[in-house]
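Take a look at the structure set out below.
Protein chains: 2
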Amino acid sequence: MPALSPIQPFGRLMAMSTAGERGTRERILEVAEDFLGERGYDGTRLHLIAQRVGIQKASLFHYFPSKEELYRAVVADSLGETEHIVRRVLEADLNPFDKVRQLLEAYVDIVAAHPQRTKILLRQSLGDVPSGYEPHVDSHRLLDAVVAFVTEYQRRHVFASIDALALVLGVIGMVAFLFTSAPVLGTAWDGDPLGARGVERVKRHVVEVVQRCLAVEAQPYATAAVRAVGGGD
Amino acid sequence: MPALSPIQPFGRLMAMSTAGERGTRERILEVAEDFLGERGYDGTRLHLIAQRVGIQKASLFHYFPSKEELYRAVVADSLGETEHIVRRVLEADLNPFDKVRQLLEAYVDIVAAHPQRTKILLRQSLGDVPSGYEPHVDSHRLLDAVVAFVTEYQRRHVFASIDALALVLGVIGMVAFLFTSAPVLGTAWDGDPLGARGVERVKRHVVEVVQRCLAVEAQPYATAAVRAVGGGD
DNA sequence: GTCTATATAGGGATAGAC
DNA sequence: GTCTATCCCTATATAGAC
Chain E
1 MPALSPIQPF GRLMAMSTAG ERGTRERILE VAEDFLGERG YDGTRLHLIA
51 QRVGIQKASL FHYFPSKEEL YRAVVADSLG ETEHIVRRVL EADLNPFDKV
101 RQLLEAYVDI VAAHPQRTKI LLRQSLGDVP SGYEPHVDSH RLLDAVVAFV
151 TEYQRRHVFA SIDALALVLG VIGMVAFLFT SAPVLGTAWD GDPLGARGVE
201 RVKRHVVEVV QRCLAVEAQP YATAAVRAVG GGD
Chain F
1 MPALSPIQPF GRLMAMSTAG ERGTRERILE VAEDFLGERG YDGTRLHLIA
51 QRVGIQKASL FHYFPSKEEL YRAVVADSLG ETEHIVRRVL EADLNPFDKV
101 RQLLEAYVDI VAAHPQRTKI LLRQSLGDVP SGYEPHVDSH RLLDAVVAFV
151 TEYQRRHVFA SIDALALVLG VIGMVAFLFT SAPVLGTAWD GDPLGARGVE
201 RVKRHVVEVV QRCLAVEAQP YATAAVRAVG GGD
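Protein chains in written order, with the numbering used here: chain E, 1 to 233; chain F, 1 to 233.
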């Protein structure tokens with residue numbers, strides 16, 4: 001039988017059994033990710049995971065010692081891929097505004113491709129984790145890297161001096177909420193936000209917002225603009 | 001756990017029992033709001049609510065027929081106050097940019113004053129509701145009203161023609177995430193985001209972001225807005 | 001209206017055969 | 001590695017005394 005490493009950075013890609021079939025363990029992770037995103041940790045029922053995978057509930061415990069360990073495995077998996085992709089863009093050789101664009105587009109793509117993961121991370125920030133679970137330091141590292149990138153170009157006056165940490169955190173929340181809320185709140189949203197057109201729409205919007213926020217020289221427009229147009233009715 | 005807000009919105013004021021003392025029912029709602037925000041619907045334990053209120057678990061069922069009904073009562077309460085405040089600003093007689101500012105400041109204040117409510121609403125958008133629960137139409141109405149306000153001034157070319165629905169939804173997500181994530185993710189965030197300074201920081205940031213987004217002629221790389229100001233009228 | 005005691009269900013986890 | 005059967009606990013909810 002194949003060696004199943006307990007921790008798998010991008011495990012799903014390579015942890016195939018020698019028999020060539022797709023690992024049951026990987027299938028469990030997929031299904032669990034779905035349920036954890038959709039229903040949260042407390043709302044996730046192991047027997048439903050087993051049912052969808054097509055095994056008995058007890059068999060789950062052959063692969064994961066507990067519900068909490070299953071949760072940790074799912075989270076580690078999710079974070080790993082996101083970090084990998086974001087870092088690659090971050091380290092690319094691009095001019096800063098293009099890098100911002102690519103960073104955002106890549107991020108939106110990830111979120112759109114794995115909405116359940118995003119929900120899990122959102123839930124984490126809400127404190128929806130197994131009791132006694134401490135949030136990952138990994139995500140901090142990634143966050144810090146992005147903030148550092150922004151700050152560096154602010155120092156050089158290429159980006160406007162907007163609150164960098166707030167901007168980055170805000171964008172994460174913005175993207176996450178756009179995708180998760182649209183099915184519920186967005187009656188006016190045209191079509192499925194996770195569909196091709198929806199993703200493009202989110203992408204376009206987020207890029208525009210952030211580029212406006214980072215554009216230098218665009219500060220005192222607020223009241224000025226409205227007066228210029230003669231607004232205020 | 002932090003003390004709960006002394007402010008009593010709407011229903012809680014009048015739903016006194018004939019016994020005449022300060023409503024136990026209201027106290028239950030307060031505590032339940034706390035737990036529902038902090039732990040989610042599935043994660044909320046009735047016996048803990050009872051414990052904190054200082055009654056027996058069974059007594060809860062004297063006031064609410066079920067956990068789900070308790071949840072509905074909490075949500076109705078929360079939504080009511082938010083809608084009331086936002087609408088008041090929305091209908092005020094202000095120039096559009098000032099209205100945007102006040103709208104945002106009021107919203108941030110509400111969220112900061114009742115972080116648990118925000119979490120509950122965020123959780124709703126994640127689908128974290130009692131099974132068989134259908135999301136509120138009320139919030140749609142409010143959302144539509146805000147979007148209509150933005151759209152109207154876009155039509156008049158006072159606001160830039162950015163995706164209005166995405167902007168509004170995005171801001172909601174942004175604010176919510178800033179408050180909920182900072183305790184978890186924001187190691188670099190200076191102090192408690194829900195403290196006075198944290199709230200001001202969020203407020204300042206959100207106002208800046210949105211005003212940049214709505215400013216006409218402030219395309220990335222462009223300096224049109226600055227020229228407009230510099231040139232005077 | 002609040003309590004004690006209990007009913008009932010369901011969930012996570014284990015034992016052990018195959 | 002997967003199954004059946006079951007343990008054990010906790011959670012919602014009810015019954016009924018005071």
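Built from N, CA and C at the ideal position, the CB exists for glycine as well.
Remember, it's a predicted structure, so these values are computed and weren't measured experimentally.
Supposed contact pair ASP42/E and ASP42/F - C-beta distance, whole angstroms, cut 8 Å
4 Å
Looking at chain E, is there any beta carbon in it that lies within less than 7 Å of the beta carbon of VAL89/F?
no
Got a sec: is the Cβ-Cβ distance from THR151/F to anything in chain E below 7 Å?
no
For a contact defined as C-beta to C-beta under 8 Å, what are the partners of SER125/E on chain F?
PHE177, THR180, SER181, VAL184, LEU185
Where HIS62/E falls, given that 16 or more other Cβ within 10 Å makes a residue buried
exposed
If we cut at 7 Å on Cβ distances, does VAL199/F have a partner in chain E?
no
What does GLU235/E touch in chain F if you count any residue whose Cβ is under 9 Å from its own?
One cannot answer for residue 235/E here, as it falls past the ends of chain E, which runs 1 to 233.
Please report whether the beta-carbon of PRO135/F lies at a distance below 7 Å from any beta-carbon of chain E.
yes
If you draw a straight line from the C-alpha of GLU200/F to the C-alpha of LEU194/E, how long is it?
34 Å
Straight-line Cα distance separating TYR153/F from ARG87/E:
40 Å
Return helix, strand or coil for SER131/E, following the three-state DSSP convention.
coil
Leaving out five residues before and five after THR44/E in sequence, what residues of the same chain have Cβ atoms less than 6 Å from its Cβ?
PHE35, LEU36
Could you tell me whether any Cβ in chain E is nearer than 7 Å to the Cβ of ALA196/F?
no
Using only CA atoms, which one of HIS205/E, GLN56/E, VAL53/E lies nearest to VAL175/E?
HIS205/E
Could you tell me whether the Cβ of GLY271/F comes closer than 7 Å to any Cβ of chain E?
The structure shown does not extend to residue 271/F, since chain F is modelled only from 1 to 233, so the question has no answer here.
Do you know offhand how far LEU167/E's Cα is from GLN56/E's?
46 Å
According to the neighbour-count rule (16 or more other Cβ atoms, all chains shown, within 10 Å of its Cβ), is ASP192/E buried or exposed?
exposed
Member of ALA73/F, GLY132/F, LEU121/F whose CA lies at the smallest distance from the CA of GLU26/F
ALA73/F
State buried or exposed for ARG155/E, treating a residue as buried only when at least 16 other CB atoms are found within 10 Å of its CB.
exposed
ASP128/F classed as buried or exposed, judged by whether at least 16 other C-beta atoms fall within 10 angstroms
buried
For a minimum of 4 consecutive residues, which ranges assigned as the alpha helix (DSSP H) are wholly contained in the stretch 38-115 of chain E?
46-53, 57-63, 67-90, 96-113
Do you know offhand how far HIS114/F's Cα is from LEU143/F's?
19 Å
Helix, strand or coil for VAL158/E per DSSP?
coil
Are GLY173/E and GLY173/F closer than 7 Å when you measure CB to CB?
yes
Give the DSSP-derived three-state secondary structure of VAL184/E in the structure shown.
coil
Looking only at its own chain, which residues have a Cβ that is under 6 Å from the Cβ of LEU214/E, when we skip the five neighbours before and after it?
PHE159, ALA160
What does the alpha-carbon distance come out to for the pair GLU91/E and PRO135/E?
25 Å
With DSSP collapsed to three states, give me the class of LEU165/F.
helix
Taking the beta carbon of ASP93/F as the centre, do at least 16 other beta carbons fall within 10 Å, making it buried, or is it exposed?
exposed
Is ALA225/F helix, strand or coil when you go by DSSP?
With a pLDDT of 39 at ALA225/F, under the threshold of 50, the modelled position of that residue is not reliable, and the figure given next carries that caveat. If DSSP states are grouped into helix, strand and coil, ALA225/F belongs with the helices.
Hey, could you find the ends of the alpha helix (DSSP H) ALA196/F is sitting in?
196-214
Using a 10 Å radius around the Cβ and a threshold of 16 neighbouring Cβ atoms, would you call THR118/F buried or exposed?
buried
Below 9 Å on C-beta distance, what does LYS119/F contact in chain E?
LEU126, GLY127
Taking only beta-carbon atoms, is HIS315/F less than 7 Å away from chain E?
Nothing can be reported for residue 315/F: it is not among the residues displayed for chain F, which extend from 1 to 233.
With burial defined as no fewer than 16 other Cβ atoms inside 10 Å of the residue's Cβ, what is the status of PRO96/F: buried or exposed?
buried
Does the beta carbon of GLY170/E sit closer than 7 Å to a beta carbon anywhere in chain F?
yes
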